[in-house]
């Protein structure tokens, strides 16, 4: 398989998620990074390019120039990764989609629902694909959880509990903390905990259960004085068919690093999973002993095995799950129809769903936790 | 120390909590069981008494007769344990308090708020004490958690998360399951999950933090067809001073037995505790490594050590915590003023608070999760 | 059931294990403590008796006097608990057995093999029973483990791994630490880690597997300067039938409190258990997912259920397991033949086995870990 | 940084560890795979090359031809990864080292000590480097453990306990299980559990403590009928300076996948680590509460941070640790002297140490667990 040619917007020196995307794109050999607008400051952009082995010729300081130039090259990029603050996702994605270049975009899709709708319109007109990196969906045992729910192993779903607890914003961050700065600026982020991690929890719940949300009620709180966005979010969901969902996202829960958990309770069984030790899925049939299903073992399902790289007991982690999204994106781009045989790829539809979720949560919370129909 | 003379109402053959109270009363040698109305059916009452080594003369089938007769005896009981279904707690407690006999009552205090108010009036007129067995407050590390909060180790409290998850009512119970029968009959129980285990979670949160509740909003759900009471309860609390609390009580969470957990997040640190492995308390200072405080160890605090029986690493469990409430009740009865130096004893005030909580939850849920001021 | 009348030798003020025996004897109401020689110093003995509610008349400072006097009383004790340092177990037990009084003795049975043989001779002549409190055998899931091995669920046993790790002797103890003082004095203890906790691990392995030991090889080490007994012991066992066993007992393993674990690997399955969280038994069939069997649940076996007091998820601990030994001793004494239907009671035979084990370990270690035939 | 050109011997279709090396070499972008002798069968070799994107011109079926041809090319490989069965490691490594091509070799270094000595002689004459992939040394918290020991945080080391438990060879493997076939053939593997995983445990203990071994005593057992190599190994080590070490490696411990654990007990503190959840390091100071140090957190040390890719709470796993060895090898090759500033690179010396260990274990076990001086 020849690697696809990848560009990147954002992710220059000092950034975090850009490095993650680069490692994820490399792990399975599906992409080669050949171009980038790693920063809007030209000096920083070109220094980053040099460090990353991207030729000076294909180092840009402006994403629009990059989209145009790369589209014009015979060896132009096949796809671009967007790893900027949230408020830039939409415009950048639109620029590349308009040129027919595939987009792999970090989440949340945009900063506002209006941006999301604009992007949707552009994406619908483009022949290029749009991929959204809700990376937790790449964990093998999340795939197994989804498969188990789909096969009815849990019976009818009653309760979906998704939590994402962090503590890194428990205090006011240092002024030079760039990650914290844009995430707590509502203009750049579009929301606090609800947008940054609440969307992950919501997406994961939706991905695994397949349940559409009818209504939600949300309470967004801010626990650190002076903060302009929420840092603790509680959302109740009413799913179609009667199941209930509950989301808790917090950035002030001291002692939690990236404690994303999912528990699904049905009439016949439950499953429970935690991101910090993702190679284990707890399965309990009603009246039976809890069973510890491990990634790579004989208890792992076909959907899990399809995205498993190494045997049981040798832990796979965050980068592997992220890399699975890159590999699946490559497969879709390469028209390898086999790849998405379980519809695991996250794209514009899920991005819209996530932005509607955030928007509804903010409106509900502003209206005293009123129930909002999605 | 001469043991106090104890009577019991309820707890005959086939009952569950009566046996727990008996073991708890015996463990520290503070009480001798000498009388009882173990059942309302005379034959079952007397058979139970015989099994339990209670003389026929002091075996009653009627609690009123027992209260009168025991009060009249020179060797009459000092205290009575009430271990009946909830709707009988109030009348029985009133009968014994009226005779000046101390009462040790299982929770919740009554089935309804009206019963609670009636009982309060009687208790205020009685010279006898009323003790409520919110037994989880007896765990040593819960005492330590309370002490740490009180000393300001956590800073200002932001979030209190109390959950009590069970699965034993995940399906419709067998018709002959007596425990399930009365707990799911609203006339006998006064409520479902909210009354049976939600009150424990609420009491525990209050006990540890000392925070009074201003308002609450609750959603009570029923997931098993035909059930007349709630089996999943979600409550948001607004505490005085600004902290928020969240309670989740469920009886349909497959894979959870008595998974009562408490997490308290402050500005300086957090603590986390789980009843199923109660000899551990997690403490995490902001920015620091989580520390595993163990019961009986050098890290245990004076309040924990005061109710610890055996050294670290030899687990104490549910019965020991329960027995601590009996021992502390004995100490109060014996006017050993030292005993309750940390105000740990749970009595009529906490019982009223719990019943107001249940009542407000039911009203809030019936009114679309409206906020109710307590 | 009328409680049996119990005496105690040792266990006065400042002692540890005496209190444990008293709570264990009380929990199920099978025994009433009515006499004692709680210390050899008369003042301390009588002060202890007064605290414990034992009448002055039946408080003794000399165990021989106690044995004689109690045997002569019409209301004399039925049984005596021996909770002294190890080197006194034998003589005291002999004195009471000679009077026909049942003995409940803390482990190890004696300080030396010679004492054990002397005691055996006396016990064989006595009509009274001798019970040895290897208390970890009282945990419900240890009973289940034993039942599973006996029923062949594990197939043929290959490897038995029993470890008992502590850290309380990691440094030289304070001079006034009485518990440490006698345990590190070879004259009083008869051995260090091997006798104090190695015997527990060995007994547990034997109890659960039923495998007789053919040979052993041991290395006893001392890691704290100046200590006269071992504080870390490693023993290899060759069982009849070909299985191998390995015991590790340590008192210098910082971070371990009473970390007694048992793992048994067979041809068909394994089981694993840890005393510090004793309400869980891990069961893994070959090729299958590990299952978490919990005490009191539907997965618990009849042998576990027979010694379970409270439902699943409400932890039972060390005192409950200890109390089960007292209850079973009472049942044997009361000639309730039903009680020991699974031969769970630990007596003189197991005591002899344990002392032969300690003796062989010391000889092997002194001879360069030579293999010793038992 | 320009990637180094990498070749590979072994790792064709159906192999396991080859894929791991390829992912590890790619993750940080330090190597490009450009040549290979992926199998000795030409058809399988070339098919594998095609799948892996290696040009037909540089696909070889004979490693000697590959070494000669690549050495002669102006764009020849800088380094070769050797991922064959053990008995071929030595000859292949010698062929490439003789041509001045760096070698990255899977462990154990060779199948026999004689092969190791031969390889040592060649390596000493070569200007090329030899790297051995004891990959567990790449975990960040193992680096931290080593740093803590080196800084004296644990005081004097008393006990080093290293265990590596698997269960995949609990039964006789299926005839078509290639991984099992060569590993249980003494001619290809040189040993069973002791060579395949015992060397990992031994290497890890040595890497973290830096303690040279003086003597050892080993017992190798075979639990599956007909197996020609050991499947359970127990080794006692006497380190210079008085510390003792214990290794247990098993392939028949049902319920264990790759349960490699390391515990080090010193006079001042202990550390404990488990490979299956490698992002946690337990640290317990004597008399203090256990602390959970997490990878990427504020509690992580400089040595850990130097090999950490992503923030705390997002798990890194086996491939990341493996990739760290590739990155450090690249740094050494690129003469980036900064890289190995903590001497973390595993090379010929550690390989010799490992082979002497295996050889001594086999001799000791054959001689009744006799003590062998290394």
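Protein chains in written order, with the numbering used here: chain F, 6 to 379; chain W, 6 to 379; chain A, 6 to 379; chain L, 6 to 379.
Note that CB positions come from ideal geometry on N, CA and C, so glycine has one too.
Given the structure is predicted, the values throughout are model-derived calculations rather than measurements.
Annotation for residue 235 (chain L): 196, 197, 198, 199, 225, 226, 227 and 370 place their beta carbon closer than 8 Å to its own, counting only its chain and skipping 5 residues before and after. Using beta-carbon distances, residue 320 (chain F) does not count as an interface residue toward chain A, since no partner is under 7 Å.
The beta carbon of residue 20 (chain W) does not come within 7 Å of any beta carbon belonging to chain A, so the residue lies off that interface. Secondary structure note for residue 137 (chain A): its beta strand (DSSP E) is the uninterrupted segment 135 to 137. Residue 146 (chain W) is classed as buried because its beta carbon has at least 16 other beta carbons within 10 Å across all chains shown.
A residue is called buried when at least 16 other Cβ atoms come within 10 angstroms of its Cβ; residue 245 (chain F) does not meet this threshold and is exposed.
For residue 54 (chain W), the three-state secondary structure derived from DSSP is helix. Excluding five sequence positions before and after residue 379 (chain F), the CB atoms of its chain that fall closer than 7 Å to its own CB belong to 218, 219, 220, 221, 361 and 365, given in chain order. The Cβ of residue 357 (chain L) sits no closer than 7 Å to any Cβ of chain W.
Among the residues facing chain F, residue 295 (chain W) is included, as its CB has a counterpart in that chain under 7 Å away. Within the DSSP secondary-structure output, residue 10 (chain L) pairs in a beta bridge with L:37.
When the five nearest sequence neighbours on each side are left out, the beta carbons in the same chain lying within less than 6 Å of the beta carbon of residue 266 (chain A) are those of 168 and 279, in order along the chain. Taking the beta carbon of residue 354 (chain A) as reference, no residue of chain L falls within 9 Å; the closest one sits roughly 29 Å away. In the displayed model, residue 312 (chain A) falls within coil according to three-state DSSP, outside both helix and strand. Taken in chain order, the complete beta strand (DSSP E) segments of 3 or more residues contained in the segment 121 to 208 of chain L are 135 to 137 and 162 to 170.
In this chain, the alpha helix (DSSP H) harbouring residue 29 (chain F) covers 22 to 32.
Going by DSSP, residue 107 (chain L) is part of the beta strand (DSSP E) stretching over 107 to 110. Interface annotation, residue 228 (chain A): in contact with chain L, CB-CB separation under 7 Å. Between residue 79 (chain F) and residue 37 (chain F), the gap from beta carbon to beta carbon reaches 7 Å or more.
Cβ proximity to chain L below 7 Å picks out 163, 164, 175 and 176 from the segment 153 to 186 of chain A. Sixteen is the threshold: when 16 or more other Cβ atoms of the shown chains lie within 10 Å of the Cβ of residue 333 (chain F), as they do, the residue is buried.
Annotation: the continuous alpha helix (DSSP H) that includes residue 355 (chain L) extends over 353 to 371. With respect to chain F, the C-beta atom of residue 262 (chain L) has a partner C-beta closer than 7 Å. Under the 10 Å beta carbon count, residue 105 (chain F) is surrounded by fewer than 16 other beta carbons and is classified as exposed. Between residue 326 (chain A) and residue 207 (chain A), the gap from beta carbon to beta carbon reaches 7 Å or more.
Neighbourhood of residue 270 (chain L) in chain A, by CB distance below 7 Å: 257, 258 and 259, in chain order.
Residue 303 (chain W) reaches chain L at 292, 293 and 294, counting residues in chain order whose Cβ is nearer than 9 Å.
Counting C-beta pairs closer than 8 Å gives three or more between the segment 160 to 176 of chain F and the segment 257 to 266 of chain F, which meets the contact rule.
In terms of Cα proximity to residue 108 (chain L), the closest of L:282, L:175 and L:96 is L:96. Not a single CB atom of chain A sits nearer than 7 Å to the CB of residue 299 (chain L). Considering only A:92, A:102, A:211 and A:57, the residue with the shortest C-alpha distance to residue 71 (chain A) is A:102. Taking C-alpha positions only, residue 23 (chain A) is separated from residue 65 (chain A) by approximately 16 Å. Taken through DSSP and simplified to helix, strand or coil, residue 246 (chain W) comes out as coil.
At a cut-off of 7 Å, the C-beta of residue 117 (chain A) has no neighbouring C-beta in chain L.
About 16 Å separates the CB atoms of residue 324 (chain W) and residue 13 (chain W); that is not less than 8 Å, and the two are not in contact. Taken in chain order, the complete alpha helix (DSSP H) segments of 4 or more residues contained in the segment 60 to 108 of chain A are 68 to 77 and 91 to 103.
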